[in-house]
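Its first residue numbered 1, the sequence shown is counted upward by one per residue in our numbering. Here a beta-carbon is modelled for each residue, glycine too, at the ideal position from N, C-alpha and C. Since the model is a prediction, treat every value here as computed from it, not as a measurement. Okay, structure first, notes after.
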Amino acid sequence: MRKGGRLIAVLVFLLLALPVLAVKPKAIVLFYADDLGYGDTSVYGQRKVLTPNLEQLAREGCLFRDAHSATPICTPSRYSLLTGRYAFRRPGTRILDGDAKLILPVEGSGESEVTLPVLMKHAGYRTAAIGKWHLGLGAGEGAIDWNGEIKPSPREVGFDRSFVMAATADRVPCVFIEDGRVAGLEADDPIEVSYDNVERKWPDETTARTNPELLKAWGRPSDRQHDKTIVDGISRIGHMRGGRSARWKDQELADRITTEAENFIRESADAPIFLYFATNDIHVPRDPAPKFRGKSGLGIRGDATIQMDDSLGRIRKALRENGYEDTLFVFTSDNGPRVSDGYEDGAREAWADENPSAPYSGGKYTVFEGGTRVPMIVAWPGQVAPGTESFALLSQTDFARSLAKIVGVEVPSGACGDSQELSYVLLGQSADGRESLVEQPAWGPWGYRKGSWKLIDSPEPQLYFLDSDPAERNNLALERPDKLQELQRELHALIGHR
Ligand code: CA
């Protein structure tokens, strides 16, 4: 649809749909992709990775062009999404080990902070976290008893139901935790986990160094971080032993968590639901099910994206088939792309001529736009105009207050301090997004957006005007010292001296 036609369609739609927010959706689903870049799917212009379910979602909803994760890495982005706070507000919020302690506020603990699922519970939703967690578990660093009740876990931060991986697929333990206990664990084979910085934790531990013959061809590490315990033919970060009956099979991982999501939808039997579905795709190690292998034309990384799209299609189908047509569905990613990230899985070669951040620069770990500007599509029948686009600046940090507004619950004072109430923007009904946005780095200089201006606050500062320079190539710091100082002043006021 041409822009003029699209605008008319939106106006007509708004006239028909108003007043909005008079009703709340029967279901809210946050489908959170992992390490999926702005230019990784056909709905955002990738030509070899066809994602028909995402395209269908875009036909039914609003596709965002300037939506951002809070940071270019996993844990801090997830923290911000679930608390409505910038991750730097909580010191030490970084990529967590698999045995790190929980970093979210526990429900009823008297903390002033609150989580998004707690807000949804207050609005009457049955809540679930399914898939990747990576927000810590338990109350002490490295002190989790994997063989008993793990507490606090997602249940204690507002999720009625949970079926999660402790951290990432490239970190031990490689097991699912179901409502606070390791699923499928046998008592005579207890789990031990260690993140000690040693080559080999136990004499009988098999690692990429000791037993390379046990590795799948695409499970070979490309760095010294990923060369520890081998599970399912792939070496991981960290050491693990025991729990053999509970270990996941990587090629079954997407199907398993998608099935759990389908079950949650079915079992909720018509109750209002809030589902936080955090897929492992397309994070490393990439080991998609055989039926997706070779389907993308861009190697194992493209195939994992097609697997992700299949999960999305299955969840939407389950919603339709179980009386949840009235769903506010949000699809987005926790950070930008990284082609090769710890394994020799062929991605580097397959993507040699592709830019998964296109048309932006950078990706995961960086504060170029590709680090945090992520794909995002929102659909809600009768509320979000079908087939539309939004150029509004929006942060996932804003989900907390915006969704709270949509479901009609009040955010406690002092909570969700960096979250802006932008429900009309989230629903594609207003283009009046954020004025500014902090792009917190994994390390190195900070990024800051104000309108179309972009600051990278390095010792030799960089200033870009994204409307004419989306790839951040033409540094205007010397030409526009006024703008440079304005953005620096605002960024420093927000983050303090770091
Ligand atoms: Ca990630």
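Is residue i a contact residue of ligand 1, with contact defined as CB to any heavy atom under 7 Å?
i      : result
Asp97  : no
His226 : no
Asn335 : yes
Cys74  : yes
His239 : no
Asp34  : yes
His283 : yes
Relative to the alpha-carbon of residue i, which residue among the options has its alpha-carbon at the smallest distance?
i      : options                        : result
Gln488 : His226, Trp446, Ser468         : Trp446
Lys483 : Trp453, Val193, Val407         : Trp453
Pro285 : Thr51, Tyr44, Gly158, Gly342   : Gly342
Gly382 : Ala404, Ala358, Gln429, Ala350 : Gln429
Gly108 : Ala100, Val118, Lys101         : Val118
Ile265 : Lys48, Leu427, Thr127, Asn53   : Thr127
Gly313 : Asn53, Val407, Ala27           : Asn53
Leu476 : Pro461, Glu490, Glu486         : Pro461
Ser468 : Ser333, Pro359, Arg78          : Pro359
Gly387 : Pro356, Glu60, Ala100          : Glu60
Tyr324 : Gly362, Ile273, Ser112         : Ile273
Leu137 : Lys121, Asp179, Ser112         : Asp179
Pro412 : Gly110, Gly142, Phe391         : Gly110
Asp188 : Gly242, Glu486, Met308         : Gly242
Ala100 : Lys132, Glu141, Tyr79          : Glu141
Ala27  : Val330, Leu298, Val172, Leu185 : Val330
Please report how far the alpha carbon of residue i lies from the alpha carbon of residue j, in whole angstroms.
i      : j      : result
Thr229 : Cys62  : 43 Å
Thr372 : Gly433 : 16 Å
Pro212 : Met240 : 17 Å
Trp202 : Arg209 : 14 Å
Leu15  : Ile191 : Confidence is the limiting factor: at Leu15 the pLDDT is only 49, short of 50, which leaves the residue's position unreliable, though a coordinate-based value still follows. Spanning the two alpha carbons is a distance of roughly 59 Å.
Arg294 : Asp287 : The sequence given here places Gly at residue 294; Arg does not occur at that position. If I take the Cα positions, the gap works out to 12 Å.
Glu252 : Leu275 : 21 Å
Ile495 : Pro152 : 30 Å
Lys48  : Asp145 : 45 Å
Ala400 : Gln56  : 26 Å
Cys74  : Lys364 : 9 Å
Pro459 : Gly219 : 39 Å
Ser423 : Pro221 : 43 Å
Phe159 : Thr115 : 10 Å
Glu260 : Val374 : 26 Å
Leu215 : Gly233 : 4 Å
Arg244 : Glu421 : 46 Å
Glu439 : Arg85  : 13 Å
Gln46  : Val339 : 14 Å
Legend entry - beta strand (DSSP E) runs contained entirely in the stretch 333 to 393, provided each spans 3 or more residues: 376 to 379, 388 to 390
Inset, instruction - Taking 8 Å as the threshold, find out whether the stretch 241 to 261 comes into contact with the stretch 353 to 368 through three or more Cβ pairs. - result: no
Inset, instruction - At 4 residues or longer, and completely inside the stretch 62 to 111: list those alpha helix (DSSP H) runs for me, N to C. - result: Correct list: 74 to 83.
Legend entry - Every unbroken alpha helix (DSSP H) inside the stretch 391 to 465 [4 residues or more]: 399 to 407, 423 to 426
Inset, instruction - Output the residue ranges of the alpha helix (DSSP H) runs that lie fully inside the stretch 112 to 137 and measure 4 residues or longer, sorted by chain position. - result: 116 to 122
Legend entry - Segments assigned alpha helix (DSSP H), at least 4 residues, entirely inside the stretch 233 to 296: 253 to 267
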